[in-house]
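Report on one structure; see the data block that follows.
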Amino acid sequence: MTIRKRRKNYHQRLHALTFVLGLFLLAAGIFYGYKVFTDRQISADYSTRQNQTVSPKNLSIPTKSVSLSKIKNTHCLDLINSDYAIQEADEPTLWKLSAVNGKIATLEDQKIFLQKPAQTAVKQLVEATENAVGGNIALSSGFRSYDEQKQLYAEAEDKSFVQVPGHSEHESGFAADISIQDVEDVANSEQSVYLRENAWKYGLILRYPAGKQDITGIANEAWHFRYVGKIHAWYCTSQNMAYEEYIDFLKKSGGYTQELDGITYTVSYQTPKNHKLQLPKSGKYEVSSDNTGGYVVTSWK
Ligand SMILES: [Zn+2]
Numbered sequence: 000m001t002i003r004k005r006r007k008n009y010h011q012r013l014h015a016l017t018f019v020l021g022l023f024l025l026a027a028g029i030f031y032g033y034k035v036f037t038d039r040q041i042s043a044d045y046s047t048r049q050n051q052t053v054s055p056k057n058l059s060i061p062t063k064s065v066s067l068s069k070i071k072n073t074h075c076l077d078l079i080n081s082d083y084a085i086q087e088a089d090e091p092t093l094w095k096l097s098a099v100n101g102k103i104a105t106l107e108d109q110k111i112f113l114q115k116p117a118q119t120a121v122k123q124l125v126e127a128t129e130n131a132v133g134g135n136i137a138l139s140s141g142f143r144s145y146d147e148q149k150q151l152y153a154e155a156e157d158k159s160f161v162q163v164p165g166h167s168e169h170e171s172g173f174a175a176d177i178s179i180q181d182v183e184d185v186a187n188s189e190q191s192v193y194l195r196e197n198a199w200k201y202g203l204i205l206r207y208p209a210g211k212q213d214i215t216g217i218a219n220e221a222w223h224f225r226y227v228g229k230i231h232a233w234y235c236t237s238q239n240m241a242y243e244e245y246i247d248f249l250k251k252s253g254g255y256t257q258e259l260d261g262i263t264y265t266v267s268y269q270t271p272k273n274h275k276l277q278l279p280k281s282g283k284y285e286v287s288s289d290n291t292g293g294y295v296v297t298s299w300k
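Numbering that gives the first Met the number 0 applies: residue 0 is where the sequence shown begins, and numbers increase by one.
Here you go:
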């Protein structure tokens, strides 16, 4: 082979290489451009979604600024656990839990008291469970005073099921223990399964579910139900969230809109600004503190 031919081959190879390199760069450029475009689209979608829920100003309903001192606080969304003590100033108004069609029983004939929405919800859930699966169901605990909780805590040998006084949901009047009698495996009994699957319909949640002890600090209690209201109970149950996780979710998302059984709920998480919250100008709504510094405004139509 002559030098000239070799040089020609060399030039041909160089051209081919440049061509392949060019194609590669073009492909990389197209890919990069596409990626930037889609990333931008994803973040645009995300911020749109956030805008719909994060800022109370963007609630789908007109709002007005209202001073905290003029707002009725239901307290039914207060987070109460080992980190957050119950607010001492809040004396609950209590109602005796009386028999539903003469069926509802209490252990040792105790008199059990709860706040009104919890009283109604627990009655209805127990009645529905008895009608659906029967069994021997009895309420074993409702409201407890600080002193009663103190005594219970002192007497408890296994403290993984008992909160320290000042930190028990029973002191709020929003929690009840629904006991299943005459079954070997309480947590897997027909009654417990029915209770935990249907509690949300009445605004109740199983507060200390299995597998969440590292979050709630309390071992699985198949019997302890807490009133939070229907939409919140539905969200926790359908998303398998412990209540601590739900409050955390509300703080991060700012809230959400959800249709449930023909009603559109708008839930907005707010931190007061100048001791004021943004409330709907009209329509039905409720306000509850969350006991961690924020407020939850629940409106529905
Ligand atoms: Zn309990």
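Just so it is clear, CB atoms sit at the ideal spot from N, CA and C, and this is done for glycine as well.
Remember, it's a predicted structure, so these values are computed and weren't measured experimentally.
For Leu-106, DSSP assigns no beta-bridge partner whatsoever. Out of Ile-230, Ile-246, Val-296, the CA that lies nearest to the CA of Trp-199 is found in Ile-230.
Just measuring C-alpha positions, the residue of Gly-254, Tyr-284, Thr-291, Ser-288 sitting nearest Lys-63 is Tyr-284.
Annotation: Lys-158 to Lys-300 spans about 44 Å, alpha carbon to alpha carbon. If you check the CB distance, Pro-116 and Tyr-264 do not come in under 7 Å.
Neighbourhood of ligand 1, defined by CB distance below 5 Å to any of its heavy atoms: Asp-176, His-223, in chain order.
Per DSSP, the unbroken beta strand (DSSP E) holding Gln-277 starts and ends at 275-279. Asp-176: member of the beta strand (DSSP E) spanning 174-180, first to last residue. For Ile-79, the three-state secondary structure derived from DSSP is coil.
Within the stretch 114-178, the complete alpha helix (DSSP H) segments of 4 residues or longer fall at 115-132, 145-154, listed in chain order.
Take the alpha-carbon of Ala-153 and the one of Tyr-207: they are about 21 Å apart. In this model, Asp-108 and Gly-141 are separated by some 13 Å (Cα to Cα).
Taking the Cα positions, Leu-76 is about 31 Å away from Gly-134. In the displayed model, Ser-191 falls within a helix according to three-state DSSP. Secondary structure note for Ile-85: it is in no beta strand (DSSP E), with a DSSP letter that is neither H nor E. In the structure shown, the three-state DSSP call for Tyr-234 is helix.
The way I'd put it, the stretch 79-93 does touch the stretch 165-182; three or more beta-carbon pairs between them come closer than 8 Å. In this structure Ala-221 does not touch Gln-212 by the C-beta definition: roughly 13 Å separates them, more than the 8 Å allowed.
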